[in-house]
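Heads up, the thing below is written out as C-alpha cells.
Protein chains in written order, with this note's numbering: chain A, 817 to 1079; chain B, 8 to 270.
Following this line, the structure appears as C-alpha cells:
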C-alpha cells in the first residue's frame, strides 16, 4: 500500500512536469488542439454525411455509426494522454538516458510507458467522453446494463492499448525504432473508426484475432447496441489478458537484450 | 546537370541505407488504402450509384488517387524547417548549386520510389480482391492527367516549402504542418471525392489549392472533358504560378532577416 502511494506520487510529479512542458509554448498547444479538433470535426461530418445519404452502414444507423467513431476517439485519445512518453522513447534508448532510468527505485514502465499525463489529450478525451455521453443519452434506446458493459469494454480496450504500447517499447529496445511501429499501430487502430462489420473476410478476422483492433475499438459500441454476444465479449476479454501477458513477457525479454546503445 | 544527378544518386543511396524505414512507411500507406477501399465497398453494398459515382468509378477513384497522392505528396521539404532552425541552411547557400534544385532533386527520387511502390501495392490489391475498375482509353485524358499531376506536385512542393519557411520567424513549425496534413487529408480528396459534398462547399473548396493536388487529376481520368478540363487546367496553372511567386518572395524575405551564430 505504501509502495502504491509512492508510485502515485511519482506519477503525479511526472504529470506535473509533463503539464509544464506541454504548456511551455501556448501557440503550439493551441494550434495542435485546433488541428485535432478540425480532424475530429471533419471525420464526424464525413461519417454523418455519408451514412445520412446511404441510410445505413453495414446495418448501423447514422447515430450508431457516429457513436462508433466517438468511442474510437475516446480510446485513442486516452491512450495518447497516458502513453505519450512512448513517442519519445527512441531518443532515450539511443542517447543512453535509459540507463539512468533503469537504476531508479521505481518500476521502469512508470517512467517510459506513462511518464506523466499529456494535458492536451486529456482535455480532448474529456470532450469526447462528454459528447459520447450526450449522444448515447440522445439515442434513448440504451439500457443501463449495456451502458456498464460499454464502459467495461472501453477499460478492456485500454488494457489492449497498454499491451500494444509495451510491445512497441520492447521493439524499440531491440531495433531502436519507435516511430514506425507506433505509427503502424495507430494506422491499424484507425480501422476502428468505422464498425468492424464493414471489413470483409479475411480482413475482419485479421482485425479481430491477429491484431485485435476490433476488440479494442468496435466491441464497446457493439455491446452498447446489442450486436455483441456474451461469447464474443468473453473472448475479447480473454484475448486482452493474453495479449497483455505476452507483451509484458516480451518487454522483460527485450530488457534482457538491452545493450545500452548510446550510453 | 551532373551535379543534380549526383544528388539524385546520393538520395537514392540514403533510401537503400534505411530500407526498413521505407518498407514500414509503405506498409502504412497500403493499410490506409485498404481501409478506404473497404469503407467504400461497404457503402456500395446495397446501392448501384451513389453521389453520381458507380461502384467501379468510386473504387477506381480510391486506387488512382492513392497512386497520384503517393507522387504528389511525397516530399523531403519538411527537413528544411530543421535546417533553418539549426543554421544548416547557410551551408546550402555557399554550395555551387541551387537550393531549390537540390530539394527538387531529392523530391524527385522520393516521388519516384513512392509512386513505384504505390503502383505495386495497387496491383497487389487488385490481384487479391479483383475489383471492377474503370479504364479510360482516351490518350488525351492520360496526357491531361500527367500534366496536371506534375503541376499538382509543384503546388504541393511550394506549399510544403512555405510551411518550412515559417522557421525563419518562429520555431513552431510542427503545429502548422500538422494542420496542413489534416487539411490535405480532407480537402484534397484523400478520403472521398470532393464532388460528393454539397455544391456550395465543393465550389468553395475549388477556390483553395488543395483539390488541385490530386482530386482534379483523378477526376480528369474519370471523365472531365472540354470546358471543365480547360477551367480546371487554368486554375491549376494559376495556383502553380501564384505559389511559386510567393515561395520566392518569402524565401528572399526570410533570408534577408536571417542570421545564425556559430556558422
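Every residue, glycine too, gets a C-beta built ideally from N, C-alpha and C.
This one's a predicted model, so the numbers in the text were calculated from it and none came from an experiment.
Any C-beta of chain A under 8 Å from that of residue 191 of chain B: Working through the second chain from its first residue, we reach residue 191 of chain B at position 184. No - not a single Cβ of chain A is within 8 Å of the one on residue 191 of chain B.
Which residues mark the beginning and the end of the alpha helix (DSSP H) in which residue 246 of chain B is found? Counting from one through the second chain, the residue named residue 246 of chain B turns up at place 239. Its alpha helix (DSSP H) spans residues 233 to 263.
Where do the N-terminal and C-terminal ends of the alpha helix (DSSP H) with residue 204 of chain B fall, by residue? Indexing the second chain from 1 puts residue 204 of chain B at position 197. According to the DSSP assignment, residue 204 of chain B belongs to no alpha helix (DSSP H), since it is labelled neither H nor E.
Closest Cα partner of residue 216 of chain B within the set B/235, B/200, B/208 and B/243: Residue 216 of chain B sits at position 209 when you count from the first residue of the second chain. Answer by Cα proximity: B/243.
Considering only residues of the same chain and omitting the five flanking positions on each side of residue 122 of chain B, which have a CB-CB separation below 6 Å? For this step, residue 122 of chain B is matched to residue 115 along the second chain. Excluding five sequence positions before and after residue 122 of chain B, the CB atoms of its chain that fall closer than 6 Å to its own CB belong to 77 and 78, given in chain order.
For residue 13 of chain B and residue 174 of chain B, the rounded distance between their alpha carbons: Locating residue 174 of chain B in the second chain gives position 167, counting from the first residue. Locating residue 13 of chain B in the second chain gives position 6, counting from the first residue. If you take the alpha carbons of residue 174 of chain B and residue 13 of chain B, they lie about 28 Å apart.
Just confirm the distance between the C-beta atoms of residue 1005 of chain A and residue 1032 of chain A, as a whole number of angstroms; I'd bet it's less than 8 Å. Taking the first residue of the first chain as 1, we reach residue 1005 of chain A at position 189. Taking the first residue of the first chain as 1, we reach residue 1032 of chain A at position 216. Yes, residue 1005 of chain A and residue 1032 of chain A are in contact; Cβ-Cβ is about 7 Å, under 8 Å.
Please list, in chain order, the chain A residues whose beta carbon lies closer than 8 Å to that of residue 183 of chain B. Position 176 of the second chain, counted from the start, is the residue given in the question as residue 183 of chain B. Within chain A, the residues near residue 183 of chain B are 847.
Which listed residue (B/236, B/219 and B/220) has its alpha carbon closest to that of residue 6 of chain B: Because chain B in this structure spans residues 8 to 270, residue 6 of chain B falls outside the shown range and cannot be described.
Neighbouring residues, chain B, relative to residue 862 of chain A (Cβ below 7 Å): Position 46 of the first chain, counted from the first residue, corresponds to residue 862 of chain A. Neighbours of residue 862 of chain A on chain B, chain order: 198 and 199.
Residue 1043 of chain A lies in the alpha helix (DSSP H); which residues open and close that run? The count along the first chain starts at 1 and reaches residue 1043 of chain A at position 227. Here residue 1043 of chain A belongs to no alpha helix (DSSP H), and DSSP marks it neither H nor E.
Along the alpha helix (DSSP H) that carries residue 33 of chain B, what are the first and last residues, could you check? By one-based count along the second chain, residue 33 of chain B stands at place 26. 26 to 50 is the extent of the alpha helix (DSSP H) around residue 33 of chain B.
Measuring alpha carbon to alpha carbon, tell me which residue in B/105, B/171, B/120 and B/51 is nearest residue 81 of chain B. Residue mapping note: residue 81 of chain B aligns to position 74 of the second chain, counting from 1. Nearest C-alpha to residue 81 of chain B: B/120.
What three-state label does DSSP hand residue 57 of chain B in the structure shown? Taking the first residue of the second chain as 1, we reach residue 57 of chain B at position 50. In this structure, DSSP gives residue 57 of chain B an extended state, which the three-state scheme calls strand.
Could you tell me if residue 892 of chain A is buried or exposed, where buried requires 16 or more neighbouring beta carbons within 10 angstroms of its beta carbon? Within the first chain, residue 892 of chain A is the residue found at index 76, counting from 1. Counting every other CB atom within 10 Å of its CB across the protein chains shown gives residue 892 of chain A a total of 16 or more, marking it as buried.
I want to check one thing, is the minimum distance from the CB of residue 223 of chain B to the heavy atoms of the ligand MN below 7 Å? In the structure shown, the ligand MN is absent, as is every other ligand, since no ligand is present at all.
Under 8 Å, Cβ to Cβ, is there at least one residue of chain B near residue 906 of chain A? The sequence position of residue 906 of chain A within the first chain is 90, counting from 1. It does not; no Cβ of chain B falls within 8 Å.
Would you mind reading off the limits of the alpha helix (DSSP H) that contains residue 851 of chain A? Sequence index remark: in the first chain, residue 851 of chain A carries index 35 (1-based). In the DSSP assignment, residue 851 of chain A falls within the unbroken alpha helix (DSSP H) covering 842 to 870.
Of the residues A/967, A/866 and A/877, which one's Cα is nearest the Cα of residue 4 of chain B? Since the first residue shown for chain B is 8 and the last is 270, residue 4 of chain B is missing from the structure and cannot be characterised.
For the stretch 10 to 42 of chain B, which residues have a beta carbon sitting closer than 8 Å to at least one beta carbon of chain A? If you check each beta-carbon in the stretch 10 to 42 of chain B against every beta-carbon of chain A, the ones closer than 8 Å belong to 27, 28, 31, 32, 34, 35, 38, 39, 41 and 42.
With a threshold of 7 Å on Cβ separation, who are the neighbours of residue 929 of chain A within its own chain once the five nearest residues in sequence on each side are excluded? Your numbering for residue 929 of chain A matches position 113 in the first chain. The residues are 899, 901, 902, 981, 982 and 985.
Simplified DSSP assignment, three categories, for residue 873 of chain A: In the first chain, counting from the first residue as 1, residue 873 of chain A sits at position 57. The three-state secondary structure of residue 873 of chain A, taken from DSSP, is strand.
Against chain A, does residue 257 of chain B count as a neighbour if the rule is that its beta carbon must be under 8 Å from one of theirs? The residue labelled residue 257 of chain B in the question sits at position 250 within the second chain. Using a CB distance cut-off of 8 Å, residue 257 of chain B does not count as an interface residue toward chain A.
Nearest CA to the CA of residue 853 of chain A: which residue from A/921, A/1070, A/1075 and A/943? To locate residue 853 of chain A, count along the first chain from 1; it is residue 37. It is A/943 whose Cα lies nearest to the Cα of residue 853 of chain A.
Residues that residue 1010 of chain A contacts on chain B, provided the C-beta gap is smaller than 7 Å: Translated into the one-based positions of the first chain, residue 1010 of chain A becomes position 194. Here the neighbours are 46.
Taking DSSP as the reference, what is the three-state secondary structure of residue 1011 of chain A? Taking the first residue of the first chain as 1, we reach residue 1011 of chain A at position 195. If DSSP states are grouped into helix, strand and coil, residue 1011 of chain A belongs with coil.
Runs of alpha helix (DSSP H) wholly within the stretch 131 to 196 of chain B (minimum 4 residues, chain order): Taking 4 residues as the minimum length, the alpha helix (DSSP H) runs contained wholly in the stretch 131 to 196 of chain B are 146 to 172 and 181 to 194, in order along the chain.
Check the Cβ of residue 981 of chain A against every Cβ in chain B and list those closer than 9 Å, keeping chain order. Translated into positions along the first chain, residue 981 of chain A becomes position 165. Using a Cβ-Cβ cut-off of 9 Å, residue 981 of chain A is close to nothing in chain B; its nearest Cβ partner there is about 17 Å away.
Contact defined as beta carbons within less than 8 Å: I believe residue 823 of chain A pairs with residue 926 of chain A. What is the distance between those atoms, to the nearest angstrom? On the first chain, position 7 is the one that residue 823 of chain A refers to. On the first chain, position 110 is the one that residue 926 of chain A refers to. With a Cβ gap of about 6 Å, residue 823 of chain A and residue 926 of chain A count as contacting.
7 Å CB neighbourhood of residue 978 of chain A in its chain, flanking five on each side removed: As a working note, residue 978 of chain A is residue 162 in the first chain. Answer for residue 978 of chain A: 1060, listed in chain order.
Continuous alpha helix (DSSP H) stretch holding residue 93 of chain B: start and end: The count along the second chain starts at 1 and reaches residue 93 of chain B at position 86. Premise fails: residue 93 of chain B is in no alpha helix (DSSP H) and is neither H nor E.
Collapsed DSSP secondary structure at residue 942 of chain A in the structure displayed: Residue mapping note: residue 942 of chain A aligns to position 126 of the first chain, counting from 1. Judged by DSSP in its simplified three-state form, residue 942 of chain A adopts helix.
Does any CB atom of chain A fall closer than 8 Å to the CB of residue 66 of chain B? Position 59 of the second chain, counted from the first residue, corresponds to residue 66 of chain B. The beta-carbon of residue 66 of chain B is placed no less than 8 Å from the nearest beta-carbon of chain A.
Of the choices A/996, A/1026, A/1076 and A/969, whose alpha-carbon is the least far from that of residue 1035 of chain A? One-based indexing of the first chain puts residue 1035 of chain A at position 219. Comparing Cα-Cα distances from residue 1035 of chain A to each of A/996, A/1026, A/1076 and A/969, the minimum goes to A/969.
Distance check for residue 37 of chain B and residue 128 of chain B, CA to CA, integer angstroms please. Start at 1 with the first residue of the second chain, and residue 128 of chain B comes out as number 121. Start at 1 with the first residue of the second chain, and residue 37 of chain B comes out as number 30. Roughly 6 Å between the two C-alpha positions.
Report the CB separation of residue 881 of chain A from residue 965 of chain A in whole angstroms; it is logged as a contact under 8 Å. Taking the first residue of the first chain as position 1, residue 881 of chain A is located at position 65. Taking the first residue of the first chain as position 1, residue 965 of chain A is located at position 149. Separation of the CB atoms of residue 881 of chain A and residue 965 of chain A is rounded to 20 Å, and the pair is thereby denied contact status at 8 Å.
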